[in-house]
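Notes follow once the structure below has been shown.
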């Protein structure tokens, strides 16, 4: 097992190297970068006074930001610094990338974790019930709702929820992290958390609704497959109660693919929900990186994408390891 | 005929919806009735007709309510399983052997499959008997694995892949022997593993099913089935998936263990050799009905029903040179649309136009132990009665 993990880790390093190179090349060649925009602004502001023109500003800024080295050399410089933990200073936020990350990640993580827990708590039992009563009204309802959840895009669900809860009912705010007249300095820590939590309700609901369908269907399909297996008939022939047959014998086997899937998404808790956070102006990693991307902030974008790559690779690794943990048949000796 | 066949194999969406709707009504009501029987034990307690039998099947009808019509998988099957004996059930694939055994365990896939009529009496050894057809699930759970247990034909897939062998045997012991301690259960499991001929019992106890071969897994299945010393072991083609040498070992094992714990075996197979080797009594099934039953002597030395004769002719005989192996001509009738005359008439080589023209033939007792359903013996024995069909329209 140890050998297997080491092998997989080495493979991850290679994949990471090439993935990041690809990303760096793409971002490097992106038109209208932050540097170009700034150069244009500076040229416009100073040209009347006889200052530098656009080309001169561009050359100066490129040198200042280390963009004049070419793709390959630039990539290795970035990689060397990144390995040392130095991801550079964000152009957009004017602070170290890691510092900005540390400031916003916990918002994302909390939101992701709440959605993840509720997703599991709702989707898996519903999937099991739907499979147990196949072709019943419960089954059709569950399948229908999950289909709607899968089909509707995030922005649509978010807008509908905003319309219902923020505009028509007026219970919650339409977006942002704090209420209109909330002043953090005047509130106790408890009130602060409560106010923050209130603003997390709608984004969490959006995330849950969108992600629930897939997991529910996955659980249902796997449960159905297991329920038709011979060993379930054996379990019944032993005289076990139906609850024990489904809750223990069948569920334990259904868990194999489900746990593998969920384990793989675990690192995703740190990657934020770009669309949802942006729609609700939650200052999480998704929202911050979205703003960095649209203003051509190369260091932060590189940092975010590097993080995403690591998380994806880690997710796959966790999936593989969990698979071996839950299924005795694939344990590698 | 052409038109009729078309009707059977093709139905419109509207017809299908109507059928499903009716099926749902019927199955829902049957489920409800079974659940209601929980309250009143007189609904499922009965008396054996003969105390020397473990199980008496009386006109058992198990139907499947499918979207294209009602399939009469088992239709009026009657036979007895005497104490301490082996009853072999033979017949071709799809003739209802397995469904008969599943009905006896109430393991037919519900709600599609329902036992709609007849009685299955399971001897309680105190003068009373359960009528399995109406027994509520909670009582069935005490019977399954305890009084009646089952060995399935697929040892490769019949054990749960994620639990250890020891745990799977322990489970059935724990369930039916509440008074046993953990230590006793472990002892008993190891004893069972040794009894079914597994030398490395301690090692196998901690193994997962995928670490064992097919023969070993079938031994484990037998250990599970015999753990609670049941009165009846249903072996549903226990050797079909195994190679010939292991087959012989498994059959020997079953026979010896059966004598050791004084239980009966209901052996389902389509291998006549296995039947000849093992069975005391033989039941021949065709298209959901018993066509002939008797002692192994009766069936092998004096087969009477044309189907049994055909079966005997179609097995290869050692030392006999034949150009081509005999086979019974024709096909089994469509299970959704069974004819109202003898099911074997269209394939029968002895068919007499005049004699065989009536309804499905009755059971005819041609000797004390030998019963056959064929018009050719109408004058040669006592007529026992016709199989009772349940009219699904009246349900």
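Chains as they are written, first to last, in our numbering: chain A, 77 to 409; chain B, 424 to 818.
Ideal Cβ placement from N, Cα and C applies to all residues, glycine included.
>> Please classify residue 577 of chain B as buried or exposed, where buried requires at least 16 other C-beta atoms within 10 Å of its C-beta.
In response: buried
> Would a check of beta-carbon distances place residue 313 of chain A closer than 8 Å to chain B?
Replying inline: Closer than 8 Å: yes.
> So, is residue 472 of chain B buried or exposed, given that buried needs 16 or more other C-beta atoms within 10 angstroms?
Replying inline: exposed
> beta strand (DSSP E) containing residue 226 of chain A: first to last residue?
Replying inline: Careful: residue 226 of chain A lies outside any beta strand (DSSP E), inside the alpha helix (DSSP H) at 213 to 227.
>> According to DSSP, simplified to helix, strand and coil, what is residue 553 of chain B?
In response: strand
>> Is the separation between the beta-carbon of residue 573 of chain B and that of residue 664 of chain B shorter than 8 Å?
In response: Contact: no.
> What is the C-beta distance between residue 340 of chain A and residue 289 of chain A, in whole angstroms, given that I count them as a contact (C-beta under 8 Å)?
Replying inline: About 18 Å separates the two Cβ atoms, so there is no contact after all.
>> Can you tell me whether residue 709 of chain B is helix, strand or coil according to DSSP?
In response: Note: residue 709 of chain B maps to strand in three-state DSSP.
> Going by beta carbon distance, what residues of the same chain come within less than 6 Å of residue 428 of chain B, once the five residues before and after it are set aside?
Replying inline: Because residue 428 of chain B sits at a pLDDT of 49, beneath the cut-off of 50, its placement in the model cannot be relied upon, and the point is left open.
> Excluding five sequence neighbours on each side, which residues of the same chain lie with their C-beta closer than 8 Å to the C-beta of residue 142 of chain A?
Replying inline: 150 and 153
>> Could you check whether the segment 528 to 539 of chain B touches the segment 484 to 497 of chain B, counting it as contact only if at least three pairs of C-beta atoms, one from each stretch, sit closer than 8 Å?
In response: Between the segment 528 to 539 of chain B and the segment 484 to 497 of chain B, the count of C-beta pairs closer than 8 Å reaches three or more; the two stretches touch.
> So what's residue 461 of chain B in DSSP terms, helix, strand or just coil?
Replying inline: If DSSP states are grouped into helix, strand and coil, residue 461 of chain B belongs with coil.
> Considering only residues of the segment 459 to 538 of chain B, which uninterrupted beta strand (DSSP E) runs meet the minimum length of 3 residues and lie entirely inside it, listed in chain order?
Replying inline: Here the runs fully enclosed are 476 to 489, 492 to 505 and 509 to 513.
>> For a contact defined as C-beta to C-beta under 7 Å, what are the partners of residue 599 of chain B on chain A?
In response: Within chain A, the residues near residue 599 of chain B are 315.
> Just the Cα atoms here: how many angstroms apart are residue 567 of chain B and residue 591 of chain B?
Replying inline: 15 Å
> To the nearest angstrom, how far is it from the Cα of residue 436 of chain B to the Cα of residue 584 of chain B?
Replying inline: Each residue's Cα considered, the two are about 40 Å apart.
> Which residues of chain A have a Cβ atom closer than 9 Å to the Cβ of residue 572 of chain B, listed in chain order?
Replying inline: 313, 314 and 315
>> Using only the alpha-carbon positions, how far apart do residue 265 of chain A and residue 281 of chain A sit?
In response: Taking the straight line from one Cα to the other gives about 25 Å.
> When the cut-off is 8 Å and only beta carbons count, does residue 472 of chain B lie next to chain A?
Replying inline: no
>> By the three-class DSSP mapping on this structure, what secondary structure does residue 165 of chain A have?
In response: strand
> Nearest CA to the CA of residue 399 of chain B: which residue from B:462, B:556 and B:515?
Replying inline: Absent from the structure is residue 399 of chain B, since the part of chain B shown begins at 424 and ends at 818.
> Any Cβ of chain A within less than 8 Å of the Cβ of residue 477 of chain B?
Replying inline: no
> Do the segment 207 to 223 of chain A and the segment 290 to 305 of chain A meet, that is, are 3 or more Cβ pairs less than 8 Å apart?
Replying inline: yes
> Anyone know if the C-beta pair for residue 715 of chain B and residue 796 of chain B falls short of 8 Å?
Replying inline: yes
> If you run the structure through DSSP and keep just helix, strand and coil, what is residue 802 of chain B?
Replying inline: coil
>> On the DSSP letters alone, give me the boundaries of the alpha helix (DSSP H) that residue 103 of chain A sits inside.
In response: 78 to 104
> What residues from chain B crowd round residue 307 of chain A, counting only those whose CB sits closer than 8 Å?
Replying inline: 580, 581, 582, 583 and 584
>> Bridge partners for residue 423 of chain B per DSSP, in chain order?
In response: Coverage of chain B is limited to positions 424 through 818, which leaves residue 423 of chain B absent and any answer about it impossible.
> Counting contacts by CB-CB distance shorter than 8 Å, is residue 275 of chain A in contact with chain B?
Replying inline: no
> Start and end of the alpha helix (DSSP H) containing residue 208 of chain A?
Replying inline: For residue 208 of chain A, the enclosing alpha helix (DSSP H) begins and ends at 173 to 208.
>> Let's test the definition: count the other Cβ atoms within 10 Å of the Cβ of residue 803 of chain B and tell me whether it reaches 16, buried, or not, exposed.
In response: exposed
>> With H, G and I counted as helix, E and B as strand and the rest as coil, what does DSSP make of residue 332 of chain A?
In response: helix
> Based on Cα-Cα distance, which residue from A:344, A:157, A:355 and A:361 lies nearest to residue 252 of chain A?
Replying inline: If we check each option's Cα against that of residue 252 of chain A, A:355 comes out closest.
> Going along chain A in order, which residues have a C-beta closer than 9 Å to the C-beta of residue 575 of chain B?
Replying inline: 306, 309, 310 and 313
> Which parts of the segment 663 to 717 of chain B are runs of the alpha helix (DSSP H), unbroken and 4 residues or longer, counting only runs that do not cross its ends?
Replying inline: 667 to 684 and 695 to 701
>> For the segment 325 to 349 of chain A, list every residue whose C-beta sits within 8 Å of some C-beta in chain B, in sequence order.
In response: 325, 328, 329 and 332
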